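Protein chains: 2
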Amino acid sequence: MTLTEQTMLPPGSTIGILGGGQLGRMLSLAASRLGFQCHIFDPKWAGPASKVSRFETNAEYSDIEAVLNFAKNCDVVTYEFENVPNLTAKTAGSVAPLYPGARALDVAQDRLTEKTFIQNEAKVPVARFEPVNSVHDLRRATKKLGLPAVLKTRRLGYDGKGQYIIKTEGDIEPAWDAMQNAPAILEQFIAFKREISVIAARGVTGETAAYPLIENVHKNHILHTSTCPAQGDDGRAQGLAIQIMSALNYIGVMATEFFELGDGSLIVNEIAPRVHNSGHWTQDAGCIDQFELHIRAITGWPLGSTQPKHKMEMTNLIGDDVKNWETLAAETHCFVHLYGKNDIKHGRKMGHINRIMR
Amino acid sequence: MTLTEQTMLPPGSTIGILGGGQLGRMLSLAASRLGFQCHIFDPKWAGPASKVSRFETNAEYSDIEAVLNFAKNCDVVTYEFENVPNLTAKTAGSVAPLYPGARALDVAQDRLTEKTFIQNEAKVPVARFEPVNSVHDLRRATKKLGLPAVLKTRRLGYDGKGQYIIKTEGDIEPAWDAMQNAPAILEQFIAFKREISVIAARGVTGETAAYPLIENVHKNHILHTSTCPAQGDDGRAQGLAIQIMSALNYIGVMATEFFELGDGSLIVNEIAPRVHNSGHWTQDAGCIDQFELHIRAITGWPLGSTQPKHKMEMTNLIGDDVKNWETLAAETHCFVHLYGKNDIKHGRKMGHINRIMR
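Sequence order for the protein chains is A and B.
First residue of the first sequence: 1, per the numbering used here; consecutive thereafter.
First residue of the second sequence: 1, per the numbering used here; consecutive thereafter.
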């Protein structure tokens, strides 16, 4: 099902969210501001999103009956993570409008499909890549792309998990072993100058909006800080992001991560069909934030202003970082956002802070 | 019970809110940002606040057992309206810290107590007033204060309800009849130049913070717009507000409404021991908003910055005004806040918009 161009979902409508983590939580808080109510679907009870939402369904994603019941009670369904099982999303989409659509999930769930789509259909540059299904394939692919190169599982990798850098021929066998026979993709190693991202949205009518360029710094493969506006030409990166969204006939907020090379050229690292950690600074920037922007896009509302009033810096609070909340709460021009997670774990995203920069 | 000066309630703590309307809703959304969870006590099921909160108790305010059970499960208890029965608040306060304290309720619930306290204990100017318990009292009081004068019920008036302007002696009898024998107060009629308010907070340690001067325009006795910063001397009005808070040993956000006279002098019209409609603009002003400020104050957190980054204007959406949401959502630099109320009624506050002014 789809919303027509004429349809704006009125306040009071119910937004279904597949996945109940911090992104679902912040989507729900933004939806509430606009008078919507949210229904969270998550196998676990009382996660970060459910704690602030009107309705909650706890069932496995494979429980098709539960998914159908959930979707029947929603006016639109979205998801907070790209690894929601595709069948779950499509099932929900059979009874309620599903935004972004299932095609976005197909593309974003599989690195090989993603790279192929971006390169061949959206005509946007990516690193050279080869599919790898055996150690034999891997040898051949390393010859073709040269070393160093990065071997990645096609599915379910995030925050650097399921990745292996192959520097020499001696790394080939251990790299393949690390994949545990999962279908993989070998990518040319990119010696990038910096990592940037674009958060943009596309609405039901094809209207688009993009925030300025964001510069991202990772630590231990996890996003550490995002700064916006970053130096450089906004328009080029925004244009490429919108090119991908248009090729997907995308509706909602999408994040596009880029590597910027030494010569200033941009190649896409990956896309995320959802709100994104590198867009959290928008919450305190004086414009419509990425969570509200996504809600506006999927409910057929006008998108609103994506021009921040201040330079912003977002810093993630990972694991024990969150224990520092007392100090952070005392800092001027620093906005604290905590996710309501019950237990601190190593590497777990517990919250973030947004600083207004002078 | 009270929090000690050393206690900062950690994220994950439960904040109890007596009352489940739009102020409770926006308090709950702000508390969630900081990782707290909220428990709403309201006789009605699934009101604006409960829809976005983790826990809900539905019981009458007079159900002392329910109030005790509620408070036992909260780390701190607050209220969203000053007409919560005093016994209810005191009962909750017997098992959990109650902020603002019961003294603030005593004072704010009764116009005679309020005026007497502000004038005699806080030593802040108010309009001249006389208690009125009979038509006989009323005649005497009009002689003492002169006409015109305003007769008000001592309790439970808001948005101009329970008020009667006495212009001539002929108005005395109908005015008293309109009070329906309720204890009343006659106040000198103030021909003010403008209405202004101060939203300020006082923390557990005695720390205070105040937003700049706010100018308010009413229509049909209901707040229509609030603008901040308003022209004029912030410091004087802020100082008087803090003087009242200190006299009350107040903890939390308090609103002080002033009349500004032709000669620039200020007299207090009334205080509200809670977040206030004239502070809603803070949500999009680039500083800590009044809802988070209240949560910070009652949980022992540092108060944070109350300096807006922009000039702001808040406009209430009353009754059918909210039907205009499509147009408002399309306006740049306009933030829409809707309360999730099920039915539109004449005079009901359905939402508000905050505009960043150029």
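Beta carbons are placed, not taken as given, at the ideal position from N, Cα and C, and that holds for glycine.
Remember, predicted model here, so these are calculated numbers, not experimental data.
Can you give, in chain order, each stretch of the alpha helix (DSSP H) that sits fully within the stretch 171–254 of chain A and has at least 4 residues? Listed in chain order, they are 172–179 and 234–248.
With DSSP as the reference, label I295(A) as helix, strand or coil. For I295(A), the secondary structure class from DSSP, reduced to helix, strand or coil, is helix.
Kindly indicate the opening and closing residues of the beta strand (DSSP E) around V132(B). For V132(B), the enclosing beta strand (DSSP E) stretches over residues F129 to V132.
Candidates G24(B), V217(B), L338(B) and G35(B): which alpha carbon is nearest W301(B)'s? Nearest option by C-alpha distance: G35(B).
Short Cβ contact (8 Å threshold) for A61(B) with P43(B): Looking at the sequence itself, residue 61(B) is Tyr, so the reference to Ala does not match. Taking 8 Å as the Cβ cut-off, Y61(B) and P43(B) qualify as a contacting pair.
So what does T91(B) bridge to, in DSSP terms? Beta-bridge partners assigned by DSSP to T91(B): none are found.
Are there 16 or more other CB atoms within 10 angstroms of the CB of M357(A), so buried, or fewer, so exposed? Sixteen is the threshold: since fewer than 16 other Cβ atoms of the shown chains lie within 10 Å of the Cβ of M357(A), the residue is exposed.
L338(A) (DSSP reduced to helix, strand or coil): In the three-state DSSP reduction, L338(A) falls in the strand class (E or B).
Nearest-angstrom Cα distance between A30(A) and P229(B)? Rounded to whole angstroms, the separation of the alpha carbons of P229(B) and A30(A) is 26 Å.
Please classify E121(B) as buried or exposed, where buried requires at least 16 neighbouring CB atoms within 10 angstroms. Counting Cβ neighbours within 10 Å, E121(B) comes out exposed, since fewer than 16 surround it.
In the DSSP assignment, find the alpha helix (DSSP H) that holds Q22(B) and state where it starts and stops. According to the DSSP assignment, Q22(B) belongs to the alpha helix (DSSP H) that extends over Q22 to R33.
Could you tell me whether the Cβ of M254(B) comes closer than 8 Å to any Cβ of chain A? Answer no: the Cβ-Cβ gap between M254(B) and chain A never drops below 8 Å.
Bridge partners for V52(A) per DSSP, in chain order? Here V52(A) is not bridged, per DSSP, to any residue.
Under three-state DSSP, which class holds N354(B)? When secondary structure is reduced to three states using DSSP, N354(B) falls in the strand class.
Compare the C-beta of P302(A) against all C-beta atoms of chain B and say whether one is closer than 8 Å. It does: the Cβ of P302(A) has a partner Cβ on chain B nearer than 8 Å.
Length-filtered (4 minimum) alpha helix (DSSP H) runs lying within the stretch 105–145 of chain A: Every unbroken stretch of the alpha helix (DSSP H) spanning 4 or more residues and falling wholly within the stretch 105–145 of chain A is given here in chain order: 111–116 and 135–145.
Is the CB-CB distance between G203(B) and I251(B) below 8 Å? It is a contact, given that the beta carbons lie within the stated cut-off.
Given 8 Å as the limit, is there contact between the stretch 313–329 of chain B and the stretch 50–57 of chain B, that is, 3 or more CB pairs closer than that? Too few Cβ pairs lie closer than 8 Å, so no.
Would DSSP call I64(B) helix, strand or coil? Helix, per DSSP.
Just the C-alpha distance for W176(B) and R155(B), rounded to the nearest angstrom, thanks. Roughly 15 Å between the two C-alpha positions.
Give the interface partners of V52(B) over in chain A, defined as CB-CB distance under 9 Å, in chain order. The answer, in chain order, is S28, L29, S32, Q37, C38, V52, S53 and R54.
State yes or no: is the beta carbon of A201(A) nearer than 8 Å to at least one beta carbon in chain B? It does not; no Cβ of chain B falls within 8 Å.
Could one say the Cβ of T14(A) lies closer than 8 Å to chain B's Cβ atoms, at least one of them? Closer than 8 Å: no.
Would you decide whether Q22(A) is buried or exposed? Buried here means 16 or more other CB atoms lie within 10 Å of its CB. Under the 10 Å beta carbon count, Q22(A) is surrounded by 16 or more other beta carbons and is classified as buried.
Could you pull out every residue in the same chain whose Cβ sits closer than 8 Å to the Cβ of V359(A), ignoring the five residues on either side in sequence? The displayed coordinates of chain A run from 1 to 358. Any statement about residue 359(A) would go beyond what the structure contains.
On a CA-only basis, which of L3(A), L266(A) and G12(A) is nearest L338(B)? Give me that one, please. The option with the nearest alpha carbon to L338(B) is G12(A).
At the level of alpha carbons, what is the spacing between Y99(A) and S50(A)? Distance between the alpha carbons of Y99(A) and S50(A) is about 20 Å.
Would W45(A) be called buried (16 or more neighbouring beta carbons within 10 Å of its own) or exposed? Taking every protein chain shown into account, the CB of W45(A) has fewer than 16 other CB atoms within 10 angstroms, so this residue is exposed.
I think I288(A) touches T306(A), with their Cβ atoms under 8 Å apart; what is that distance to the nearest whole Å? Going by Cβ atoms, the distance from I288(A) to T306(A) rounds to 6 Å, so yes, they are a contact pair.
Which chain B residues are close to E114(A), counting only those with a beta carbon under 8 Å from its beta carbon? Going along chain B, no residue has its Cβ under 8 Å from E114(A), so there is no contact; the nearest lies around 33 Å.
Ordered along the chain, which non-local residues of its own chain (more than five positions away) have a Cβ less than 6 Å from that of I190(B)? The answer, listed in chain order, is A127 and F259.
Starting from the C-beta of Q290(B), find all residues in its chain whose C-beta is less than 6 Å away, skip the five residues before and the five after it, and write them out in chain order. Hits under 6 Å: I199, V253, V275, G279 and T282.
Distance between I298(B) and L68(B) (C-alpha atoms, nearest Å): Whole-angstrom Cα-Cα distance: 19 Å.
Is G16(A) closer than 8 Å to F81(A) when the C-beta atoms are compared? The answer is no: Cβ separation not under 8 Å.
Return no unless some Cβ of chain B is closer than 8 Å to the Cβ of M314(A). It does not; no Cβ of chain B falls within 8 Å.
So K309(B) and A285(B) are supposed to be a Cβ contact under 8 Å. How far apart are they, rounded? About 6 Å; that satisfies the 8 Å criterion.
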